[in-house]
Each structure stands twice: as structure tokens, then as C-alpha cells.
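Enquirer: Starting off with a structure, shown below.
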Amino acid sequence: MLETQPQPEPQSQQSQAQPQSPPQARAPRFGSAEITALSHLYRGELYRSTMWRNRLDATTNWAVVSTGIALSLTFSHETASPLPLVLVGLLVAVFLRIEARRYRFFDFWRVRAHILETQFFGPILLGQGVQIDNHWNEILYQDYQAPRLHITFADALGRRLRKNYGWIFIIQAVAYVGKLVIHPTPIASVGDLWARAAIGPIPGPVVLLCGLLFHGGLLVIAVVTLRGGRGRGRSREQPTVDRVLELARRAA
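At position 103 of the sequence shown the residue is numbered 436 (the numbering used here), and the sequence of numbers has no breaks.
As C-alpha cells, then:
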């Protein structure tokens with residue numbers, strides 16, 4: 334009989350599967366195409382922040398123009414009423430509310446542009462290439478996925494009040510007091526002050542009390558929001574030598 338050659342036994346399957354290492358997260362690549370795309374993204378963010386900045390200037394200009402018209406009407410004649418200053422004060426308060434809302438959107442786009450300036454373009458200017466050690470790209474990605482405003486309405490209101498509108502309200506208040514006290518002639522008694530401050534059936538003391546409460550409320554908003562304002566503690570002292578200006582002069 335022919336002896337049958339023993340068939341080689343098939344390789345036994347491994348009883349336990351080899352543990353597979355988890356997939357490695359691919360490191361972000363910033364080639365020329367990605368850098369070009371981010372540059373266009375920066376231009377878009379900068380354009381939108383500039384657009385909202387122009388809207389801020391528009392409401393401020395309307396507040397200034399309205400105040401100028403009220404001052405002209407109030408002091409145009411000796412018998413003119415101080416009522417235009419009261420009405421324009423309420424109108425400027427409406428402008429302040431609109432501008433605070435617009436400032437929140439301006440701040441939203443400005444923050445994104447600032448991140449790209451400091452985290453993307455900054456290291457490139459230093460010759461370090463694109464640095465992502467602090468994960469700024471992931472933070473910015475999450476902001477695009479779930480955008481949110483970075484400043485509250487109260488903080489925006491207080492900031493615009495301190496920067497611009499506070500001075501407008503101060504001018505209105507000084508002009509109003511001047512109209513009551515010295516125009517067209519200085520008052521001789523407190524009774525004259527009440528009489529000049531009266532608006533129709535509303536007594537003068539009530540009008541002045543409402544004015545004090547109005548400006549007092551604005552002052553409280555400006556002070557309270559100052560405590561939590563962003564950017565506090567930064568040194569804003571001008572350098573002894575402006576190196577950027579010197580460089581621009583040498584390049585000119």
C-alpha cells in the first residue's frame with residue numbers, strides 16, 4: 334500500500350486577536366493651500382468687523398447730530414424751552430441701546446480676526462511657521478461650530494457709555510442746567526428754577542428728579558460694568574521709541 338503523506342495541518346487561528354492600537358489623530362497640515370484659505374478667512378472676518386464698526390460710528394454720529402440740533406433750538410431764542418434737551422436725551426438713550434447691540438456683533442467678529450492675527454500670522458512673522466501648541470485652531474473650529482457672543486449686553490452698554498455716550502450725556506446735562514440757571518438771565522430764587530424746569534403740567538421738581546434718576550442710572554451702569562470689563566490691567570503706556578513708526582519711516 335502506498336503510504337499517504339501526512340497532510341500539513343492548517344495553521345490554527347490565534348485564540349486571541351492581537352490588540353490594535355487606536356487610530357492616531359492626524360496632525361493638522363498647513364500647506365500653501367491651507368495658508369491661503371486661512372488668509373481669505375481672515376480677510377472675511379476683518380471685513381465683517383469693519384462693517385459692524387461702521388454701523389457703530391453711524392449711531393454715534395446720529396447721537397452727536399441730534400444733540401447739536403437740540404442745543405441750537407434750546408439757545409436760539411431767550412424764550413426757547415429746554416424741552417428739546419430733555420427729548421434728545423431720551424433719543425440718545427435709544428441710540429445707546431442700539432449701539433450696544435451692534436457692539437456685541439462687532440466684538441464677535443473682531444475676536445476671531447484677532448485670534449488669526451496673534452495665533453496664525455504672528456508666528457509666521459517670527460519665522461516659526463504655523464504653531465498649534467495651544468490648540469487655537471481647535472478653539473476657533475468649535476466657535477465656528479457653535480458661535481456665541483463674547484460680551485453681555487450690559488457690558489457692551491457700559492463700554493459704549495464710557496467711551497462715547499457718557500460725554501454726550503454730560504454735555505446735555507451741563508447745557509440743560511445752564512439753560513435753567515443763566516439763560517436768558519440768571520435766576521433770582523429757587524422758585525424761578527422750578528418754574529423754568531416745569532414741562533406743561535409736570536412740576537419743575539419732578540422733572541429735575543427724573544433727570545437725576547436718569548443720569549444716576551447711567552452712572553451706575555458705567556461703574557458696575559467697569560469691574561468686569563475685558564482688557565483691564567493691561568499696560569497702555571506709550572513706548573519711549575515707537576519701533577513700528579521708525580521702521581515705516583525707514584521704508585518710506
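No residue lacks a Cβ here, since even glycine has one placed at the ideal position from N, Cα and C.
Identify which residue in T485, H516, D525 has its Cα closest to the Cα of R558.
Expert: The residue asked about is misnamed: residue 558 is Thr in this sequence, not Arg. T485 is the residue among T485, H516, D525 whose C-alpha sits nearest the C-alpha of T558.
Enquirer: Suppose only complete runs of 3+ residues qualify. What are the beta strand (DSSP E) ranges in the stretch 483-557, listed by chain order?
Expert: At a cut-off of 3 residues, not a single continuous stretch assigned as beta strand (DSSP E) sits fully inside the stretch 483-557.
Enquirer: Between the alpha carbons of W469 and I448, how many angstroms are there, rounded?
Expert: 8 angstroms
Enquirer: Do E432 and T383 have their C-beta atoms within less than 8 angstroms of each other?
Expert: T383 is positioned such that its CB atom lies no closer than 8 angstroms to that of E432.
Enquirer: Is it the case that the Cβ atoms of L482 and I554 are separated by a distance below 8 angstroms?
Expert: no
Enquirer: May I have the straight-line CA-CA distance separating S522 from E411, to the nearest angstrom?
Expert: 19 angstroms
Enquirer: Give the secondary structure of D575 by DSSP, where H, G and I count as helix, E and B as strand, and everything else as coil.
Expert: coil
Enquirer: Report the option in T369, T400, A391, W395 whose CA atom is closest to the CA atom of I504.
Expert: T400
Enquirer: Please give the ranges of any alpha helix (DSSP H) in the stretch 459-485, keeping only runs that are unbroken, at least 4 residues long and fully inside the region.
Expert: You should have 469-478.
Enquirer: Please go through the same chain and pick out, in chain order, the residues whose beta-carbon is closer than 6 angstroms to the beta-carbon of A489, but skip the five residues on each side of it.
Expert: A433, Y436, R437
Enquirer: What's the C-alpha gap between F428 and V556?
Expert: 20 angstroms
Enquirer: Measure the CB-CB distance between I457 and V463 and report whether it falls below 8 angstroms.
Expert: yes
Enquirer: Of the residues L371, A403, L406, G422, which one's Cα is nearest the Cα of G499?
Expert: G422
Enquirer: If we count Cβ pairs, one from each stretch, closer than 8 angstroms, do we get three or more for the stretch 403-410 versus the stretch 374-391?
Expert: no
Enquirer: How is the alpha helix (DSSP H) around T383 delimited, first residue to last?
Expert: DSSP places T383 in the uninterrupted alpha helix (DSSP H) bounded by 365-407.
Enquirer: Could you check the C-alpha separation between R529 and V397 for me, to the nearest Å?
Expert: 25 angstroms
Enquirer: With DSSP as the reference, label A413 as helix, strand or coil.
Expert: Residue state, collapsed to three classes: coil.
Enquirer: Indicate whether F439 and W385 have their beta-carbon atoms separated by less than 8 angstroms.
Expert: In this structure, W385 lies closer than 8 angstroms to F439 by Cβ.
Enquirer: Distance, Cα to Cα, P356 vs I465?
Expert: With a pLDDT of only 49 at P356, under the threshold of 50, the placement of this residue in the model should not be trusted, and no figure is reported.
Enquirer: N497 to F453, Cα distance in whole Å?
Expert: When rounded, the distance between both Cα atoms is 32 angstroms.
Enquirer: Give me the Cα-Cα distance between L275 and W442, rounded to the nearest whole angstrom.
Expert: Residue 275 lies beyond the range of the chain shown here (334 to 585); nothing can be said about it.
Enquirer: Here's the rule I'm using: 16 or more other beta-carbon atoms within 10 Å means buried, otherwise exposed. How should V425 be labelled?
Expert: Result: buried.
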